[in-house]
């Protein structure tokens, strides 16, 4: 191969690499310059969600510890298929409407968060 041929190939490779680099760096520029997405509504951030989730988990745990029969029932559900769990919980709540009302109260903050922050 002649030195001219090698020089042309090297120049072509450099131009090609430059073109690829240009697309990589500047091809995304319009999206990088776009306005950032608006912030979530007040009280709807990821931190707020985790706070509510943690509060509900703590309240649920407290409820279970103070209601051993309810704790025992829910403890038996671990590892079962989802559809089976849903049916058993529905049946349990039908037989224990007071427990259902109390559990709904414990979990209400999560429902409120989801309704407010959809």
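Residue numbers (the working numbering): 23 to 140.
Heads up, the beta-carbon is just placed ideally off N, CA and C, and yes, glycines get one too.
Quick one: what does DSSP say residue i is sitting in, helix, strand or coil?
i	result
residue 127	helix
residue 79	helix
residue 67	coil
residue 56	coil
residue 133	helix
residue 84	helix
residue 122	helix
residue 73	helix
What span of residues does the alpha helix (DSSP H) with residue i cover, start to end?
i	result
residue 93	90–97
residue 116	104–117
Label residue i either buried or exposed according to how many other C-beta atoms from any shown protein chain fall within 10 Å of its C-beta, with 16 as the threshold for buried.
i	result
residue 87	exposed
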